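Q: Handing you this structure, nothing more for now.
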């Protein structure tokens with residue numbers, strides 16, 4: 051298999067077909083990377099190669115495949131020497147796969163990345179240096195890039211501290227948000243949290259950040275850590291009509307009731323506008339049919 055020929059952020063060339071040998075002393079902290087996947091054979095190799103070509107090599111890869119029927123399993127077999135755990139079978143949702151993955155994790159630093167996204171060169175060493183320099187930090191949030199499916203650059207997302215007020219503003223739609231792909235955290239706060247909520251299909255990361263905001267301190271870096279692909283088939287696009295429902299659930303779960311009321315008001319207003327448009331169209335159709 052071959053990596054994407056023009057992968058944003060990575061130099062072109064044979065590097066991608068020749069994963070590095072270990073450059074990291076064995077006494078360093080281990081990073082556990084969980085990859086939930088389902089039928090993404092056309093991108094998962096990019097994800098894997100962006101990990102095995104990091105210059106920080108003390109990591110484990112945990113892949114939870116929810117029952118892919120494409121060539122995903124064939125690709126995973128080619129990387130079996132790099133993958134610590136690989137599970138295949140039907141799960142209830144992506145959140146279920148993520149929780150299963152972290153149940154298997156043995157590192158001191160955790161992260162998850164979807165199988166259509168990937169890390170940038172030097173991401174792991176940069177994140178670990180931040181943890182080393184900021185011993186009281188439990189979470190590192192980096193910048194990240196958004197690209198098209200064929201890796202054309204769209205936008206840079208700046209990092210944001212995991213604080214309740216920031217997360218509420220995010221769910222209110224004030225514009226600032228966090229790229230989950232660029233987030234790493236200590237295993238301790240994952241174990242102190244409830245994990246990702248199985249009721250959530252789109253905003254499970256936001257709910258997790260609300261939990262983490264109460265459990266630990268955040269350090270940020272303006273350096274881009276990871277890349278997110280944005281295209282019509284991804285869930286946040288194809289299921290965007292469910293975003294407000296999940297946002298209201300998360301806000302209520304974390305006691306932000308005034309924001310829930312505002313979301314309900316917005317939905318009522320949108321429904322009223324839609325009803326008026328339907329009624330106007332109905333009257334126009336009836337008028338035209340009478341002539």
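Residue numbers (my numbering): 51 to 341.
Don't be surprised by glycine CBs; every beta carbon is placed ideally from N, CA and C.
Since we're looking at a predicted model, the values are computed, not measured.
1. For residue 84, report the span of its beta strand (DSSP E) as first-last.
2. Please confirm whether residue 152 has its beta-carbon closer than 9 Å to some beta-carbon of chain C.
3. With burial defined as no fewer than 16 other Cβ atoms inside 10 Å of the residue's Cβ, what is the status of residue 182: buried or exposed?
4. Under 8 Å by Cβ, that's how I've got residue 217 and residue 263 pegged, so tell me the actual separation to the nearest angstrom.
5. Quick check on the DSSP output: the alpha helix (DSSP H) that includes residue 151 runs from which residue to which?
6. Taking the alpha-carbon positions, what's the residue 180 to residue 267 distance?
7. Is it true that the CB of residue 300 sits closer than 9 Å to the CB of residue 250?
8. Let me know the secondary structure DSSP gives residue 195 once reduced to three states.
9. Whole alpha helix (DSSP H) runs in the stretch 198-270 with 4 or more residues, listed along the chain?
10. At a cut of 8 Å, does the stretch 122-136 reach the stretch 87-102 through at least three beta carbon pairs?
11. Under 8 Å: do the stretch 198-208 and the stretch 129-148 share three or more Cβ pairs, one atom per stretch?
12. Would you kindly report the start and end of the unbroken beta strand (DSSP E) that includes residue 112?
13. In angstroms with no decimal places, state the Cα-to-Cα distance between residue 245 and residue 151.
14. Count the other CB atoms within 10 Å of the CB of residue 209; is the residue buried (16 or more) or exposed (fewer)?
15. Would you call the CB atoms of residue 233 and residue 189 closer than 9 Å?
16. In this structure, does DSSP put residue 276 in helix, strand or coil?
17. Closest to residue 146 by C-alpha separation, out of 170, 115 and 80, would be which residue?
18. In three-state terms, what does DSSP make of residue 161?
19. If you check the beta carbons only, do residue 191 and residue 228 fall under 9 Å apart?
20. Between the Cα of residue 278 and the Cα atoms of 199, 104 and 222, which residue gives the shortest distance?
A: Working from what's here:
1. As a position in the chain shown, residue 84 is number 34, starting the count at 1. That run of the beta strand (DSSP E) goes 81-87.
2. Chain labels in this structure do not include chain C; a single protein chain is all it has.
3. In the chain shown, residue 182 corresponds to position 132, counting from 1. Taking a 10 Å sphere around the C-beta of residue 182, we find fewer than 16 other C-beta atoms and assign the residue as exposed.
4. Taking the first residue of the chain shown as position 1, residue 217 is located at position 167. Taking the first residue of the chain shown as position 1, residue 263 is located at position 213. Confirmed, about 7 Å.
5. The residue given as residue 151 occupies position 101 in the chain shown. Taken as a continuous stretch (DSSP letters only), the alpha helix (DSSP H) holding residue 151 covers 144-154.
6. Translated into the one-based positions of the chain shown, residue 180 becomes position 130. Translated into the one-based positions of the chain shown, residue 267 becomes position 217. Each residue's Cα considered, the two are about 13 Å apart.
7. Counting from one through the chain shown, the residue named residue 250 turns up at place 200. Counting from one through the chain shown, the residue named residue 300 turns up at place 250. Between residue 250 and residue 300, the C-beta spacing is below 9 Å.
8. In the chain shown, the residue the question calls residue 195 occupies position 145. Strand.
9. For the stretch 198-270, the full-length alpha helix (DSSP H) segments reaching 4 residues or more read 214-222, 237-242 and 254-265 along the chain.
10. Result yes; three or more Cβ-Cβ pairs closer than 8 Å.
11. Short answer: they don't touch.
12. By one-based count along the chain shown, residue 112 stands at place 62. Segment 109-115, the beta strand (DSSP E) holding residue 112.
13. Walking along the chain shown from the start, residue 245 turns up at place 195. Walking along the chain shown from the start, residue 151 turns up at place 101. Going from the Cα of residue 245 to the Cα of residue 151 covers about 11 Å.
14. Taking the first residue of the chain shown as position 1, residue 209 is located at position 159. Buried is the call here.
15. Here residue 233 corresponds to residue number 183 of the chain shown, with the count starting at 1. Here residue 189 corresponds to residue number 139 of the chain shown, with the count starting at 1. Yes, they are a contact pair.
16. Translated into positions along the chain shown, residue 276 becomes position 226. For residue 276, the secondary structure class from DSSP, reduced to helix, strand or coil, is strand.
17. Locating residue 146 in the chain shown gives position 96, where the first residue counts as 1. Here the closest residue by C-alpha is 115.
18. For the purposes of this step, residue 161 is taken as residue 111 along the chain shown, with counting starting at 1. In the three-state reduction of the DSSP assignment, residue 161 falls in the strand class.
19. By 1-based counting over the chain shown, the position of residue 191 is 141. By 1-based counting over the chain shown, the position of residue 228 is 178. Going by C-beta atoms, residue 191 is nearer than 9 Å to residue 228.
20. Against the chain shown, residue 278 aligns to sequence position 228. Taking residue 278 as reference, the option from 199, 104 and 222 with the minimal CA-CA separation is 199.
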